[in-house]
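J.: After the structure tokens below, expect a handful of questions from me.
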Amino acid sequence: MNNRYKTALLFGAPGSGKGTQGRILGAIPGFYHFSCGEVFRRLNPDSELGQIFFEYSSRGELVPDEVTVRMWAESLNAHEVLGDFKPRSDLLILDGIPRTVEQARLMEDHIDVLMVIHLVCDDREEMIRRLRRRALKENRIDDADEKVIRNRWEVYEKETAPILDHYPMQRIREVNSLGSPAQVLSNVLTHLVPVQDRHFSTVEV
Ligand code: AMP
1 MNNRYKTALL
11 FGAPGSGKGT
21 QGRILGAIPG
31 FYHFSCGEVF
41 RRLNPDSELG
51 QIFFEYSSRG
61 ELVPDEVTVR
71 MWAESLNAHE
81 VLGDFKPRSD
91 LLILDGIPRT
101 VEQARLMEDH
111 IDVLMVIHLV
121 CDDREEMIRR
131 LRRRALKENR
141 IDDADEKVIR
151 NRWEVYEKET
161 APILDHYPMQ
171 RIREVNSLGS
181 PAQVLSNVLT
191 HLVPVQDRHF
201 STVEV
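Residue numbers (my numbering): 1 to 205.
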């Protein structure tokens, strides 16, 4: 249990900016960013898992829990073996996983969740604008269709939001995700830097 990865979760609805914040954080020494959606998108579309991902994501639905958590564990382990993820000096930043309470349970033996950063955005229209921009830029089928976007939000409310009740309230921080990436980052870091200081004595630069 003691060698569980020290972890912070980036949590929020589709379009709340988890990916943007995760990518910036991942460029800072001492943070390792893992985006579940990105790993899924990099799969060979002809592979069995690639086809499962396409089937679910094109409808705005979640890939089944066991397959997802297995893929996450194997992929993260590969990054650890390769040496780009260094669990002794890196705070793991998880973006887009866990996405259900069952995933949170399945991951419990592997991760020690020190903080949950909940990116909150009440402006649905702004979120739609963000998702549409991303659909064009990254060629994402799941964000190109408004029906699929709305389904993604429904799935978030029904299956993902209950995760907030799974973790102790004292570990959850709400951050307003409206504003420039730098403004949001500044607020996120206010919460994360003390966690990093408390748990890691050295950060490899
Ligand atoms: P994202 O890039 O995080 O918005 O994820 C894009 C799509 O990948 C989602 O709509 C799901 O179909 C799939 N996906 C990503 N992460 C997970 C997860 N933790 N559990 C199940 N499906 C996921």
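Every residue gets a Cβ at the ideal spot worked out from N, C-alpha and C, and that includes glycine.
Owing to the predicted nature of the structure, the values given are computational and were not obtained by experimental measurement.
Any chance you could list the beta strand (DSSP E) runs of at least 3 consecutive residues sitting entirely within the stretch 141-201, in chain order?
T.: Counting whole runs of 3 or more residues, the stretch 141-201 contains the beta strand (DSSP E) stretches 172-176.
J.: Alpha carbon to alpha carbon, how far is N3 from D112?
T.: Translated into the one-based positions of the sequence shown, residue 3 becomes position 3. Translated into the one-based positions of the sequence shown, residue 112 becomes position 112. In a straight line, the C-alpha of N3 is about 9 Å away from that of D112.
J.: Does S57 come out as helix, strand or coil in the three-state DSSP assignment?
T.: Position 57 of the sequence shown, counted from the first residue, corresponds to residue 57. Of the three classes helix, strand and coil, the one that applies to S57 here is helix, per DSSP.
J.: In this structure, what does DSSP give as the bridge partners for F31?
T.: Here the question's residue 31 lines up with position 31 in the sequence shown. Beta-bridge pairing links F31 to L91.
J.: CA-CA distance, D46 and I93?
T.: For this step, residue 46 is matched to residue 46 along the sequence shown. For this step, residue 93 is matched to residue 93 along the sequence shown. Approximately 29 Å, taken between the alpha carbons.
J.: Hey, E66 and L9: beta-carbon distance below 9 Å or not?
T.: Within the sequence shown, residue 66 is the residue found at index 66, counting from 1. Within the sequence shown, residue 9 is the residue found at index 9, counting from 1. Cβ distance not < 9 Å, so E66 and L9 don't count as in contact.
J.: For a test of the three-state rule: what should DSSP assign to K86, helix, strand or coil?
T.: For the purposes of this step, residue 86 is taken as residue 86 along the sequence shown, with counting starting at 1. Here K86 sits in coil by DSSP.
J.: When you measure from the CB of D95 to every non-hydrogen atom of ligand 1, does any distance come out below 8 Å?
T.: Position 95 of the sequence shown holds residue 95. True, at least one ligand heavy atom lies under 8 Å from that Cβ.
J.: Among the residues of its own chain, which have a CB less than 7 Å from the CB of V184, if the five just before and after it don't count?
T.: Locating residue 184 in the sequence shown gives position 184, counting from the first residue. Around V184: G17, Q21, V175, S177.
J.: Taking A8 as part of the beta strand (DSSP E), name the residues at either end of that continuous run.
T.: By one-based count along the sequence shown, residue 8 stands at place 8. Taken as a continuous stretch (DSSP letters only), the beta strand (DSSP E) holding A8 covers 5-11.
J.: With a Cβ-Cβ cutoff of 9 Å, do D143 and S58 count as a contact?
T.: Numbered from its first residue, the sequence shown carries residue 143 at position 143. Numbered from its first residue, the sequence shown carries residue 58 at position 58. No, the Cβ-Cβ distance between D143 and S58 is not below 9 Å.
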